[in-house]
Amino acid sequence: MTLRDAAATRQRILEHAQRQFAQHGYTAITVKGIADAAGVSPNLITRYFGGKDGLFLAATQVEIAVSNSFDGYRSTLGSRLAANIVARWFGEPGEDPLLLLQRASGERPEAAEALAAFLDTNSLEPLRQYLRDSGLDDAEARSRAAAIDAFVLGVSTRRRILRSELGNPADLQVWLSATIQRLADG
Numbered sequence: 001m002t003l004r005d006a007a008a009t010r011q012r013i014l015e016h017a018q019r020q021f022a023q024h025g026y027t028a029i030t031v032k033g034i035a036d037a038a039g040v041s042p043n044l045i046t047r048y049f050g051g052k053d054g055l056f057l058a059a060t061q062v063e064i065a066v067s068n069s070f071d072g073y074r075s076t077l078g079s080r081l082a083a084n085i086v087a088r089w090f091g092e093p094g095e096d097p098l099l100l101l102q103r104a105s106g107e108r109p110e111a112a113e114a115l116a117a118f119l120d121t122n123s124l125e126p127l128r129q130y131l132r133d134s135g136l137d138d139a140e141a142r143s144r145a146a147a148i149d150a151f152v153l154g155v156s157t158r159r160r161i162l163r164s165e166l167g168n169p170a171d172l173q174v175w176l177s178a179t180i181q182r183l184a185d186g
């Protein structure tokens, strides 16, 4: 196997693992199931990731650009955030790494820690800074950012983890936009 084949095989395993962990959580997934889905031997998962725990940790590395949602006037923040959220939620099933962390956070403490760290670093804190820079005092910016963060996490949990119907993407985007904007405006 060439180095290029090894990298492609590793990536294929990782993609199947992300999809399965996001759809079913940590406990229900087996190394054999991921290996079968990826069309590889389970030994390769051990070789590349050290086993299920290592594969899970690799699959939970979250890198989602959210900073573009904070460019623009506060009066249109809801529409920018809602567009970003709906685009991620209606992508390929299991592709959203936040869904993987969210689903697994009840089973794995490291998933809960990774989700909290991601949200604090990439959502809550930039949103607080954005709201503060838009003219709010720090306490009010912190309060509104926390409300938006809790709202989006709650909707995500209800609709994606507890499997309530997401509904029509355009309708969901309009509702999210209006609600986020109300929270941003106070």
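Just so we're aligned, residue 1 is where the sequence shown starts under my numbering, counting upward by one.
Note that CB positions come from ideal geometry on N, CA and C, so glycine has one too.
As the structure is a prediction and not an experimental result, all values here were calculated from the model.
Same chain, Cβ closer than 6 Å to residue i, neighbours up to 5 away in sequence not counted
i	result
Trp89	none
Leu124	Ala145 and Asp149
Tyr130	Phe70
Arg108	Tyr26
Ala116	none
Gln181	Gly78
Ser188	It is not possible to answer for residue 188, since the shown part of the chain is limited to 1 through 186.
Which of helix, strand or coil DSSP assigns to residue i
i	result
Val31	helix
Ala165	It is worth fixing the name first, because residue 165 is Glu in this sequence and not Ala. Looking at Glu165 - three-state DSSP - the assignment turns out to be coil, as it is neither helix nor strand.
Tyr48	helix
Val86	helix
Tyr130	helix
Arg160	helix
Val40	coil
Glu107	coil
Gln135	Rather than Gln, the amino acid found at residue 135 in this sequence is Gly. Residue state, collapsed to three classes: coil.
Asp53	helix
Gly25	coil
Asp149	helix
Asp71	coil
Leu181	Here residue 181 turns out to be Gln, not Leu, going by the sequence shown. DSSP places Gln181 in helix when its eight states are reduced to three.
Thr76	helix
Gln11	helix
Gly186	coil
Gly173	Here residue 173 is Gln; the residue named in the question, Gly, does not match the sequence. Gln173: helix per DSSP, three-state reduction.
Thr60	coil
Gly91	coil
Close Cβ partners of residue i (< 7 Å) along its chain, the five nearest in sequence each way excluded
i	result
Ser156	Gln102
Ser79	Ser177
Tyr48	Arg10 and Ile13
Lys52	Val31
Pro169	Val86 and Phe90
Ile161	Gln102 and Arg103
Pro42	Val31, Lys32 and Ala35
Gly72	Arg80
Ala83	Gln173
Where residue i falls, given that 16 or more other Cβ within 10 Å makes a residue buried
i	result
Arg19	buried
Leu77	buried
Thr121	exposed
Gln61	exposed
Ala38	buried
Ala7	exposed
Ala139	exposed
Own chain partners of residue i with C-beta closer than 8 Å, once the 5 adjacent residues on each side are dropped
i	result
Ala184	Arg74, Leu77, Gly78, Leu131, Arg144 and Ile148
Leu119	Asp149 and Leu153
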